[in-house]
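In the UniProt record's numbering, the protein residues as written are 1 to 99. Every residue, glycine too, gets a C-beta built ideally from N, C-alpha and C. Note that the structure is a prediction, hence the values are computed from the model and not measured. Reviewing the structure listed below.
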């Protein structure tokens, strides 16, 4: 499938991101992130920030149609996550769905 210049949705097994949750730096990186830090503060103040919520003190994205929380990866950790999936033997599990 040719995807250059095409929009697509990248779906992966969210359980594989459990390694991210195990890393204490995720929480701190989310708090430092210019977009995620304010979201975290507002959630902690009791504001409804749907579809974002805190799970185990980590910002997650939860949709009404799919109640599985998805970790919101802060910008500074995106390269590490991509490297993990690119270099991992699990790399061929990626599923691309063209919009």
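Residue i vs residue j beta-carbon contact at 8 Å
i	j	result
residue 73	residue 62	no
residue 36	residue 45	no
Buried/exposed call for residue i, threshold 16 Cβ in 10 Å
i	result
residue 69	buried
residue 57	exposed
residue 33	buried
residue 26	buried
residue 71	buried
residue 87	exposed
Spatial neighbours of residue i in its chain, beta-carbon cut-off 8 Å, leaving aside the 5 residues before and after
i	result
residue 43	49, 52, 53, 54 and 59
residue 40	30, 31, 54 and 59
Straight-line gap, residue i to residue j (C-alpha atoms, nearest Å)
i	j	result
residue 38	residue 65	25 Å
residue 84	residue 47	34 Å
residue 67	residue 24	24 Å
Close-in-space but distant-in-sequence residues of the same chain around residue i (CB under 7 Å, 5 per side omitted)
i	result
residue 101	Given a span of 1 to 99 for the chain in the structure shown, any question on residue 101 remains unanswerable.
Contacts around residue i, its chain only, beta-carbon distance under 6 Å, and the 5 residues preceding and following it disregarded
i	result
residue 76	29
Of all the alpha helix (DSSP H) runs that stay within the bounds of the stretch 31 to 99, which reach a length of 4 or more residues?
-> 36 to 44 and 78 to 87
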